[in-house]
Amino acid sequence: MRITETIHAFKHPFRLALGEGQYADRSVYSYLLIGDTICLIDTGVSSTSLLLQGYLKEIGRSPDEISLVLLTHAHPDHIGGCLAIKEVSSSLVYAHSADKPWIENVERQYQERPIPNFFELVGGSVVVNRELKEGDIVSWDKGKTIRVLETPGHSPGSISFFYEKERILFTGDAVPAVGTLPIYVNPQTSIESIRKLQKLSLVKHLLSSWHEPMSGDQVHATMEEGIHYIQKIDEIVTDLNKTIPPETSGAELGLRALERLGIKTNKILPMVRTTFESHRKK
Ligand SMILES: [Zn+2]
Numbered sequence: 041m042r043i044t045e046t047i048h049a050f051k052h053p054f055r056l057a058l059g060e061g062q063y064a065d066r067s068v069y070s071y072l073l074i075g076d077t078i079c080l081i082d083t084g085v086s087s088t089s090l091l092l093q094g095y096l097k098e099i100g101r102s103p104d105e106i107s108l109v110l111l112t113h114a115h116p117d118h119i120g121g122c123l124a125i126k127e128v129s130s131s132l133v134y135a136h137s138a139d140k141p142w143i144e145n146v147e148r149q150y151q152e153r154p155i156p157n158f159f160e161l162v163g164g165s166v167v168v169n170r171e172l173k174e175g176d177i178v179s180w181d182k183g184k185t186i187r188v189l190e191t192p193g194h195s196p197g198s199i200s201f202f203y204e205k206e207r208i209l210f211t212g213d214a215v216p217a218v219g220t221l222p223i224y225v226n227p228q229t230s231i232e233s234i235r236k237l238q239k240l241s242l243v244k245h246l247l248s249s250w251h252e253p254m255s256g257d258q259v260h261a262t263m264e265e266g267i268h269y270i271q272k273i274d275e276i277v278t279d280l281n282k283t284i285p286p287e288t289s290g291a292e293l294g295l296r297a298l299e300r301l302g303i304k305t306n307k308i309l310p311m312v313r314t315t316f317e318s319h320r321k322k
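Listed below in structure tokens is the structure:
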């Protein structure tokens with residue numbers, strides 16, 4: 041999907057295993073910046089890498105023209121296709137230092153953040169060629185740069201990218217999508233990160249991994265909704281903490297909170313349990 045002359049969005053459909061034959065259908069966006077060379081922001085999962093490469097051919101370009109992969113963070117649906125891209129191109133990979141260990145050692149990520157079909161989603165480990173930090177300016181094509189903003193909360197090393205020339209903001213998973221499974225490790229830093237993004241002026245397009253591409257007034261409203269969602273979860277967990285025994289497991293707490301959010305499930309992945317437990321740690 042073409043967003044502007046330079047920017048294309050590509051949606052990767054995938055299945056997230058919940059265990060015991062149960063799956064949740066999910067999707068994630070990655071973004072292509074097309075110039076003399078090509079920059080890819082997040083890679084989607086390994087199984088959709090060929091689809092992404094096919095899309096590039098459809099628009100008259102070639103996967104081997106990808107010279108740079110920018111990763112917003114280390115999670116499987118963002119790094120899963122990275123190895124496949126490296127195999128068809130000589131692209132460099134940039135990411136934040138805090139998420140680097142999980143990108144360079146996916147077995148370790150699987151141990152520390154287990155997802156049943158992790159290795160269906162992730163092709164393998166890749167080396168991070170440059171560690172990005174707040175304020176870094178990355179040159180992705182001749183005369184074209186993108187600015188790095190640290191936006192932790194969803195993961196410690198979550199970063200956003202601002203393509204100032206066209207006022208386009210790429211946020212990865214930093215802004216939660218209302219009504220979907222909330223996934224973050226720190227609610228307070230998540231909110232602070234979104235507030236920081238809201239301060240950027242004249243953002244024309246918000247290109248998140250979870251939401252459909254947004255523009256105009258939707259940009260600020262989507263960020264505001266994301267903050268309210270985290271605050272609502274905080275209220276729910278605070279309320280549950282008053283009524284359930286302190287020894288109640290994180291999984292049970294999470295399931296009860298999800299019910300109050302109107303999300304029906306009888307399975308809770310460790311990464312979602314972590315979200316609700318993070319509200320208990322304040
Ligand atoms: Zn993520």
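Positions 41 to 322 (the numbering used here) are the ones given, in order, by the sequence shown.
For each residue, glycine too, the CB sits at the ideal point set by N, CA and C.
Since the model is a prediction, treat every value here as computed from it, not as a measurement.
- Query: Mapping DSSP to helix, strand and coil, what is K272?
  - Reply: helix
- Task: Quick one: residues with CB closer than 7 Å to any heavy atom of ligand 1, in chain order, please.
- Result: H113, H115, D117, H118, H194, S195, G212, D213 and I223
- Considering only residues of the same chain and omitting the five flanking positions on each side of V188, which have a CB-CB separation below 6 Å? L172, D176 and I199
- Message: Using the Cβ count rule (16 or more neighbours within 10 Å means buried), how would you classify V167?
- Response: exposed
- Cβ-Cβ distance between G183 and I234 below 9 Å: no
- May I ask you to report which of helix, strand or coil DSSP gives P337? Since the displayed the chain opens at 41 and closes at 322, residue 337 lies outside it and no answer follows.
- Give the straight-line distance between the Cα atoms of I43 and A49, rounded to the nearest whole angstrom. 7 Å
- Query: Should L293 and I284 be called a contact, given that it needs their Cβ atoms to be closer than 9 Å?
  - Reply: yes
- Item | Distance CB(I47)-CB(S89) smaller than 9 Å | no
- Task: Would you please verify whether the beta carbon of V109 is less than 9 Å from any beta carbon of chain C?
- Result: Of the protein chains in this structure there is only one, and it is not chain C.
- Extent of the continuous alpha helix (DSSP H) run through A124: C122 to V128
- Check whether the stretch 113-130 touches the stretch 266-282, counting contact only when three or more Cβ pairs, one atom from each stretch, lie closer than 8 Å. no
- Given E60 as reference, the closest of A114, P156 and L73 once Cα atoms are compared: P156
- Are T315 and T211 close, meaning C-beta to C-beta below 9 Å? no
- Message: Residues in the same chain with beta-carbon distance under 8 Å from S255, minus the five sequence neighbours each way, listed in chain order, please.
- Response: K244, H245 and L246
- Query: Could you give the C-beta distance for D274 and P222, rounded to a whole number, given that I count them as a contact under 8 Å?
  - Reply: 11 Å between Cβ atoms; not a contact.
- Continuous beta strand (DSSP E) assignments of at least 3 residues falling wholly in the stretch 179-222: 184-190, 199-203 and 208-212
- Complete alpha helix (DSSP H) runs within the stretch 277-309 (minimum length 4 residues, chain order): 290-300
- Task: Express the C-alpha separation of E264 and V133 in angstroms, rounding to a whole number.
- Result: 31 Å
- Three-way DSSP call (helix, strand, coil) for V243 in this model: coil
- Query: Excluding the five sequence neighbours on either side, which residues of its own chain have a C-beta within less than 7 Å of the C-beta of S179, listed in chain order?
  - Reply: T185
- Just the Cα atoms here: how many angstroms apart are L56 and R66? 7 Å
- Task: Out of V218, L295, V277 and P53, point me to the one whose CA is closest to E160's CA.
- Result: P53
- Query: In its own chain, which residues sit with a C-beta less than 7 Å from the C-beta of R101, not counting the 5 before and 5 after it?
  - Reply: I74 and I78
- Message: Considering only their Cβ atoms, is the gap separating S131 from V162 smaller than 9 Å?
- Response: no
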